[in-house]
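Read the structure below first, then the notes.
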Amino acid sequence: MFKGHPKGLFVAFFANMGERFSYYTMLAIFVLYLQAHFGFSVGQAGDYYGGFLFGIYFLPILGGIIADRWGYGKTILWGILIAFIGKIFLSAPGFLEQGYINMNQELILIIVALVTISLGTGLFKGNLQALVGKLYDEPRFAPQRDNAFNIFYMGINIGAFFAPFAATGAVNWVLNRSHGFNYENSMPHLSNLNEKANPFLDNAIETIQANFSGALHYTDKIAQIKDNMGFSGNLSDFANTYTSELSTGYSAAFAVAAVAMLISLFVFIAFKKHYQHADMTVKQAQEKAAKEGKEDTTVTMSKEEEKKRLGALGLIFITVAFFWMAFHQNGFTLTVFARDYTASEVSSFTNMFFDLRTFIPLLAAVGGLIFLLRRKEPQKTRLIGGFFFVVGSIIAYYFYSQFDSTETIEPQLFQSFNPIFIVFLTPLIIGFFNFLRKKKKEPSSPKKIGIGMFITGLGFVVMLVSALKLQSMTGLSPYWLIGTYFTLTIAELFLSPIGISFVAKVAPPRFSGLAQGGWLGATAIGNLLAGLVGKLWDIIEIWQFFALLVILTVLSGVFIFSIMRILENATKSNEATEATE
Amino acid sequence: MKSRMLILSTVIISMFFLAGCGEESNPMQDLEGVSKNINKIEEKSEQIDNAEEAFTVLQNLNDELKNLRDASMSLDDKHRDVNPTKAKREGIDEDEQIKQSDDFERDMQKFDKITDDINSSLKVISENVKPYKDDPEVKKMMGKVETIMITK
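Protein sequence lines, in the order shown, are assigned to chains S and W.
Under the numbering used here, the first residue of the first sequence carries the number 2, and numbering increases by one thereafter.
Under the numbering used here, the first residue of the second sequence carries the number 121, and numbering increases by one thereafter.
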């Protein structure tokens with residue numbers, strides 16, 4: 002899988018991994034931070050979440066336009082630096098002395114941070130994809146383009162996998178360091194209630210208490226938590242201290258995200274020599290050829306051909322917006338579902354999947370076992386596989402045996418399943434496509450995208466069933482959400498890396514950056530829709546919410562198949578151009 | 121191709137448009153709806169025969185109490201919005217500030233009347249589900265009902 006690729010791919014892989022680790026670390030806790038620190042409702046937090054994601058994915062269009070003129074490497078470098086500064090701004094409120102700036106000023110600082118991060122990411126993300134595409138313009142590497150984007154996509158997801166653990170680790174560390182607190186997901190809301198006068202709510206609570214003896218007032222609940230955590234001060238002191246520590250914890254996680262950007266920066270500067278030959282716009286390549294007196298080998302297209310290709314790309318962009326609308330419920334309503342409707346206490350066995358100390362060795366053991374059992378692998382590889390199997394199993398068992406019979410899990414940890422599934426499913430999906438290719442049955446890229454849409458619908462059918470189960474029970478098993486993440490990941494692998502590769506193949510060369518920006522722009526529209534659709538969470542029944550997502554994604558799949566001929570013709574005309582070359 | 125792009129773009133723009141045209145909710149009206157629905161649940165609770173039915177009654181009640189919570193919080197927010205700068209300048213604390221607002225008394229009177237109705241329905245419901253309170257699922261749902269007002 003990794004053989005026969007230019008070294009530049011691995012520079013892009015690691016630079017992207019650092020940036021994505023940083024991005025997903027902040028994203029894992031972003032909504033929870035807004036709710037905890039500013040007392041936002043799910044809907045209000047959704048506005049910020051949707052707006053931010055829109056910026057992150059829409060600004061690559063601007064980044065693409067800049068890079069198509071200015072050069073890809075230079076634009077990417079500025080992108081990393083600007084995003085780094087944005088993340089410093091984001092973490093700042095937690096490290097400023099209390100009262101140094103008021104809540105409104107903090108909110109303004111957060112908005113400035115979000116705009117800065119979006120701008121930096123806009124300059125970085127699409128252009129790095131365009132640069133990877135350009136590495137494969139060389140005829141000897143061209144056949145590997147699809148595989149390259151699958152590998153590149155793995156880099157994104159390795160970064161994203163560790164992100165929620167880093168975020169959780171930073172939050173827990175801060176909570177624990179001075180007061181020995183642990184994470185309690187209801188505290189931000191309770192503290193928020195405790196800070197304000199609530200005559201109507203108090204009156205309503207009294208009505209319930211008069212008839213259900215176990216009904217609690219928010220002050221009772223805070224008192225319970227305070228006693229459990231062994232805090233000696235009064236109730237308000239506890240609520241304020243806890244909220245303040247929790248906010249600082251979130252800021253610490255944002256600081257971790259900022260540091261990760263520096264890793265990305267280092268990789269991109271230190272290994273420049275491996276990609277700089279491809280780091281050229283069409284104009285720069287033509288100028289270089291003229292200067293050196295060499296033949297101009299850049300591919301030029303007629304206006305009509307360019308128009309046809311951009312049209313096909315446009316259709317794909319608009320349709321995949323619906324995929325991202327559904328998929329990006331992961332950081333929003335699916336996290337809220339995990340928090341509010343999924344059992345927060347799990348058995349020690351299930352906890353193995355939520356704790357890095359057991360999950361990583363477990364994965365190493367499974368991977369090792371696969372290599373150990375494969376007869377066609379060389380003896381040395383099978384021995385290494387055996388080593389990983391034994392050591393991984395021992396470490397996993399060691400930590401597993403230290404778990405209590407029930408353990409508490411945190412809602413944001415569910416977001417780790419998508420990236421880890423990507424890393425493990427990518428080789429399987431590549432193998433599956435290779436198998437189909439050998440049988441001459443491999444679907445075209447647009448067909449894969451269409452199938453991906455149907456699989457997305459299936460993922461939300463799982464959520465729909467789980468929501469219907471809520472009608473007869475409480476505290477659902479976490480395996481419902483894990484099952485949904487599994488299905489959505491397969492859909493993503495059919496759709497996202499294949500889509501990026503499709504864009505790299507079909508985009509007219511002088512619009513490489515813009516086309517990748519367009520792909521991300523479609524993601525931006527999808528994310529904005531994610532925020533808007535997410536608002537329905539508080540309005541309609543949960544099962545209706547998931548049913549709506551099923552309908553929208555299935556309809557999008559049907560639409561893609563209805564325009565299949567247009568899309569496949571665009572790919573074919575590309576293949577014809579490559580053959581002519 | 122152009123027509124298809126047009127259709128898709130129209131769908132997306134309509135979604136944005138529809139999302140922006142949300143109906144303004146009226147918490148007092150919502151509360152009246154909650155009261156009526158809890159009254160219906162009270163009637164259903166009179167026919168409970170087994171734990172499953174008790175569970176369903178409690179689940180429906182939980183949904184209505186969620187609406188009661190949201191409406192109560194909206195009313196609190198509404199009355200909390202009265203000119204905090206002025207209140208601060210004049211040294212009025214937040215409780216006082218809320219109570220001094222023009223229509224606070226009127227809303228509170230209406231609210232009291234509605235919660236009185238809810239109270240009498242709850243009394244009947246709690247009695248009717250009591251025989252099944254040891255069933256594990258009923259117990260869990262009862263726990264939810266008892267904490268729904270303080271969860272979000």
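Where is the CB? At the ideal position from N, CA and C, for every residue including glycine.
Judged by beta-carbon spacing, G451 (chain S) lies within the 8 Å limit of I561 (chain S), meaning their Cβ atoms are closer than that value.
For the segment 256-268 of chain W, residues whose beta-carbon sits nearer than 9 Å to a beta-carbon of chain S comprise E257, K260, M261, M262, G263, K264, V265, E266, T267 and I268. Contact residues of the segment 203-230 of chain S toward chain W are N204, A205, I206, T208, I209, A211, N212, F213, G215, A216, L217, H218, Y219 and K222 (C-beta to C-beta distance below 8 Å). Flagged as an interface residue toward chain W: N199 (chain S), by a C-beta distance shorter than 8 Å. Burial state of S303 (chain S) is exposed, judged by a 10 Å Cβ sphere holding fewer than 16 other Cβ atoms.
Here S265 (chain S) carries a helix assignment [DSSP, helix/strand/coil].
For the pair of segments examined, the segment 278-285 of chain S was found not to touch the segment 406-421 of chain S: the number of CB pairs separated by less than 8 Å stays below three. Residues V154, N157 and I158 of the same chain have their beta carbon placed closer than 6 Å to that of E184 (chain W), with the five preceding and five following residues left out of the count. Under DSSP, V347 (chain S) takes part in a beta bridge, and its partners are S:E408. For the pair G121 (chain S) and G87 (chain S), the CB atoms are nearer than the 8 Å cut-off. In the DSSP secondary-structure assignment, L477 (chain S) is bridged to S:T343.
Pairing R21 (chain S) with F487 (chain S), the inter-Cα distance amounts to about 20 Å. By the C-beta criterion, the segment 553-567 of chain S is judged to be in contact with the segment 454-462 of chain S, since at least 3 inter-stretch pairs fall below 8 Å. Distance check between S349 (chain S) and each of S:T249, S:F338 and S:D405 places S:D405 closest, using alpha-carbon atoms only.
When S:F389, S:F31 and S:K227 are compared, the shortest CA-CA separation from I112 (chain S) is found for S:F31. Taking a beta-carbon distance threshold of 8 Å, S187 (chain S) counts as an interface residue toward chain W.
Here Y50 (chain S) is near G332 (chain S), since their CB atoms are less than 8 Å apart. For Y398 (chain S), the uninterrupted alpha helix (DSSP H) segment begins and ends at Q380 to Y401. Collapsing the DSSP output to three states places H199 (chain W) in a helix.
For L191 (chain S), the chain W residues whose Cβ falls inside 7 Å of its Cβ are I270, in order along the chain. Per DSSP, the continuous alpha helix (DSSP H) segment holding T457 (chain S) begins and ends at S446 to K470. If you draw a 10 Å sphere on the C-beta of H329 (chain S), you find 16 or more other C-beta atoms in it, and that means buried. Between the alpha carbons of A468 (chain S) and L482 (chain S) lies a gap of roughly 11 Å.
At a cut-off of 8 Å between C-beta atoms, G87 (chain S) does not count as an interface residue with respect to chain W. When Cβ-Cβ separations below 8 Å define contact, M148 (chain W) makes no contact with chain S.
The C-beta distance from I81 (chain S) to F11 (chain S) rounds to 17 Å, too long to meet the 8 Å contact threshold. Contact between G234 (chain S) and G181 (chain S) is ruled out by a C-beta separation of about 13 Å, above the 8 Å threshold. Going by DSSP, D237 (chain W) is part of the alpha helix (DSSP H) stretching over F224 to V249. In the structure shown, the three-state DSSP call for K164 (chain W) is helix. Here S119 (chain S) is not near I159 (chain S), since their CB atoms are 8 Å or more apart. Taken through DSSP and simplified to helix, strand or coil, M302 (chain S) comes out as coil.
Using a CB distance cut-off of 8 Å, G476 (chain S) counts as an interface residue toward chain W.
The continuous alpha helix (DSSP H) containing G156 (chain S) extends over residues R146 to H180.
A Cβ-Cβ contact shorter than 8 Å links Y34 (chain S) with Y251 (chain S). Rounded to the nearest angstrom, the gap between the Cα atoms of S245 (chain S) and M464 (chain S) is 35 Å.
In this model, I430 (chain S) and F175 (chain W) are separated by some 44 Å (Cα to Cα).
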